[in-house]
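Quick note on the working numbering: the sequence shown kicks off at 2 and runs consecutively.
Just so you know, even glycine gets a beta-carbon here, dropped at the ideal spot from N, CA and C.
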Amino acid sequence: MTSLTAQTATAVPTPAPQLAQGSRVSRALAWLERSADWVTEQHIRITETAAPPFQETLRGVLLKKMLEDTGLKCHTDEAGNVVCERAGTRGRRPARGGGLPAKESGAGTAGREAKDVVLISAHLDTVFPPGTDVRVRKERGRLLAPGISDNSSGLAALLAVARALHEAKVRTQATIVLTANVGEEGEGNLRGMRKLVETYGGRLRAVIAIDGASSDHVTSMALASRRMEVVVEGPG
């Protein structure tokens, strides 16, 4: 994430190992290591706040409060996404509705869109219907519950990133937008992510979606999602 936000339009990206040696980044990484128990506690709180498809509101309220406690200013957009902007050193003013201005002004940049936003997002909803018992139980050192991996773990990781950046006072050139999005599962049809792309549009420099419990696999390209309805009519 840091290597994506630290580069300029013409500069060569700094390798991640080199960035990790910086004092503030190393403090952020150290905070993550010593705060594993805290992250697990938040993971459990998130899991035990149910978020069936199209009913993510309660979990969204919880995530908004959690993210605001890390010093972020957050709002809930029209789709129901929790959106928090962490301003970069380029110091752009938020546009109405939480997005950034469509065009960058200034000498040499008039009329050009600036790729100065890195979006980090995890989805709020689960596949489990209303009424599902989402209480977390511990067995042999493991945490078990419906949705604890998909995607309470992603939300806990999102929160941990926000807290680590805050605690270590990490500064980035690009604005980081941390979001908990709605409508990822099934007929939600990615409505939350669609709204975020609509809001930030051509300003997006990179998008990082956190989903699931493992970082062993990173997907850099994927198939698009397109949903269609087929209606067949006949006699009888």
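(message) To the nearest angstrom, how far is the alpha carbon of I209 from that of G235?
(response) 46 Å
(request) Could you name the residues that DSSP lists as bridge partners for E188? (result) Answer is none; E188 lacks a bridge partner.
(request) Just tell me which of D78, K139 and I149 has its CA closest to the CA of E212. (result) Here residue 212 is Asp; the residue named in the question, Glu, does not match the sequence. The shortest Cα separation from D212 among D78, K139 and I149 belongs to I149.
(message) In the DSSP output, what is K66 paired with across the bridge?
(response) In the DSSP output, where bridge partners are listed per residue, K66 has none listed.
(request) Quickly, what does DSSP pair A181 with across the bridge? List them, please. (result) V83 and A123
(message) Is the beta carbon of A29 closer than 8 Å to that of E168?
(response) yes
(message) Here's the rule: buried if 16 or more other CB atoms are within 10 angstroms of the residue's CB, otherwise exposed. What is D117?
(response) buried
(request) Pull up the distance between the alpha-carbon of M67 and that of L160, whole angstroms please. (result) 7 Å
(message) Which residue wins for smallest C-alpha separation from R25, given the options L120, T173, E69 and V13?
(response) T173
(request) Could you check how far apart the C-beta atoms of T71 and A163 are, in whole angstroms? I think they sit under 8 Å. (result) 4 Å
(message) So the candidates are Q43, G23, G203 and S122; which of them puts its Cα closest to the Cα of E185?
(response) S122
(message) Taking DSSP's pairing of strands, which residues face L144 in a bridge?
(response) K139
(request) Go through its chain and collect everything with a Cβ distance to T220's Cβ below 8 Å, but skip five positions before and after it. (result) none
(message) By the three-class DSSP mapping on this structure, what secondary structure does H76 have?
(response) strand
(message) Does V13 pass the burial test, meaning 16 or more other C-beta atoms within 10 Å, or should it be called exposed?
(response) exposed
(message) So for T176, helix, strand or coil by DSSP?
(response) strand
(request) Within the same chain, show all residues whose beta-carbon is closer than 6 Å to that of L125, passing over the 5 residues directly before and after it, in chain order. (result) A52, E57, R60, G61, A181 and V183
(request) State buried or exposed for R87, treating a residue as buried only when at least 16 other CB atoms are found within 10 Å of its CB. (result) buried
(request) Taking I47 as part of the alpha helix (DSSP H), name the residues at either end of that continuous run. (result) A37 to T48
(request) Go ahead and label A158 buried or exposed: buried means 16 or more other beta carbons lie within 10 angstroms of its beta carbon, across all protein chains shown. (result) buried
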